[in-house]
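Novice: Numbering-wise (this note's numbering), the sequence shown opens with residue 34 and increments by one. Encoded as structure tokens, here's the structure I'll be asking about.
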Amino acid sequence: MMARRRHLLLGAALLVGLGAGAAWPPPPLPKLAANGDEWSLPSAADAARHSPQDMAAVTSGLRWRGDASGAASSSWRLAGIVNDGGPAILVMTPDAPGKAQRFAVGATLPDGSVLESARGDRATTRRDACNTTYQLFQAQAVDRSGECEEAEVPDQGTNE
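In structure tokens:
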């Protein structure tokens, strides 16, 4: 009888403890600093610890090192694809770098090729028997098919 009474008292104490723990308020959240959401430039010491060798070490393991600089070797660069009033592309040329020109499907581009299609983030052109695919944010053509000259397409799948 005494053991059973101890078990009941122990159980009751456990329930009271759990109830008190559940009713106890959680600690308050820490206050934000007055300027905690502002961004500032890193210090010179922080910037100096990142060297060009670090970037080279990181990119050396990449399979493809694309160039998004926009420095295309052709006479135009794909700047956008629009579908307002039919599919068309926006093209930037070196002679008017601040003004995009619009070309609809079937139009002749500055290099003499004809725009075949514009879908998603890709545009396909045709010049003689050569089909060339351009992609947004890529400085050069990403694919060529047909009878094309060996020119602008970089080796995208190699580490050389």
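Glycine included, every Cβ here is placed at the ideal spot set by N, Cα and C. Just so you know, these numbers come straight off a predicted model, no measurement behind them.
Using the three-state DSSP reduction, which class does Gln171 fall into: helix, strand or coil?
Specialist: Sequence index remark: in the sequence shown, residue 171 carries index 138 (1-based). In the structure shown, Gln171 sits in coil (DSSP, three-state: anything other than H, G, I, E or B).
Novice: Counting along the chain, where does the beta strand (DSSP E) carrying Arg37 start and finish?
Specialist: Taking the first residue of the sequence shown as position 1, residue 37 is located at position 4. Here Arg37 belongs to no beta strand (DSSP E); instead the alpha helix (DSSP H) covers Met35 to Ala56.
Novice: Which residues in the same chain as Arg155 place their Cβ atom closer than 6 Å to its Cβ, once the five residues preceding and following it in sequence are excluded?
Specialist: Numbered from 1 along the sequence shown, position 122 holds the residue referred to as residue 155. For Arg155, where only same-chain residues beyond five positions count, the Cβ hits under 6 Å are Thr166 and Gln168.
Novice: To test your reading of the DSSP string, which unbroken beta strand (DSSP E) runs of 3 or more residues are found completely within the stretch 119-162?
Specialist: 121-126, 129-137, 147-152 and 155-160, all fully within the stretch 119-162.
Novice: Could you check if Phe170 is buried or exposed, using at least 16 other CB atoms within 10 Å of its CB as the buried criterion?
Specialist: For this step, residue 170 is matched to residue 137 along the sequence shown. Counting Cβ neighbours within 10 Å, Phe170 comes out exposed, since fewer than 16 surround it.
Novice: Thinking C-alpha only, which one of Gly179, Gly44, Val91 and Ala112 is nearest Pro130?
Specialist: As a first step, residue 130 must be located in the sequence shown, where it is residue number 97. It is Ala112 whose Cα lies nearest to the Cα of Pro130.
Novice: How about Ala140 and Gly119: are their beta carbons less than 8 Å apart?
Specialist: Position 107 of the sequence shown, counted from the first residue, corresponds to residue 140. Position 86 of the sequence shown, counted from the first residue, corresponds to residue 119. Not a contact, by the Cβ cut-off of 8 Å.
Novice: Once DSSP output is grouped into helix, strand and coil, what is the label at Asp87?
Specialist: The count along the sequence shown starts at 1 and reaches residue 87 at position 54. Helix at Asp87.
Novice: According to DSSP, is Asp176 part of a helix, a strand, or is it coil?
Specialist: One-based indexing of the sequence shown puts residue 176 at position 143. Of the three classes helix, strand and coil, the one that applies to Asp176 here is strand, per DSSP.
Novice: Using a C-beta cutoff of 8 Å, does Val138 count as contacting chain C?
Specialist: Note that chain C does not occur in the displayed structure, where there is just one protein chain.
Novice: Applying the 10 Å Cβ sphere with the 16-neighbour rule, what's the burial state of Arg110?
Specialist: To locate residue 110, count along the sequence shown from 1; it is residue 77. Per the 10 Å Cβ criterion, buried.
Novice: Pop quiz: Thr126 and Pro143 are said to be a contact at Cβ under 8 Å. What is the actual Cβ separation, rounded to whole angstroms?
Specialist: Here residue 126 corresponds to residue number 93 of the sequence shown, with the count starting at 1. Here residue 143 corresponds to residue number 110 of the sequence shown, with the count starting at 1. Confirmed, about 6 Å.
Novice: Here's the rule: buried if 16 or more other CB atoms are within 10 angstroms of the residue's CB, otherwise exposed. What is Val124?
Specialist: Within the sequence shown, residue 124 is the residue found at index 91, counting from 1. Per the 10 Å Cβ criterion, buried.
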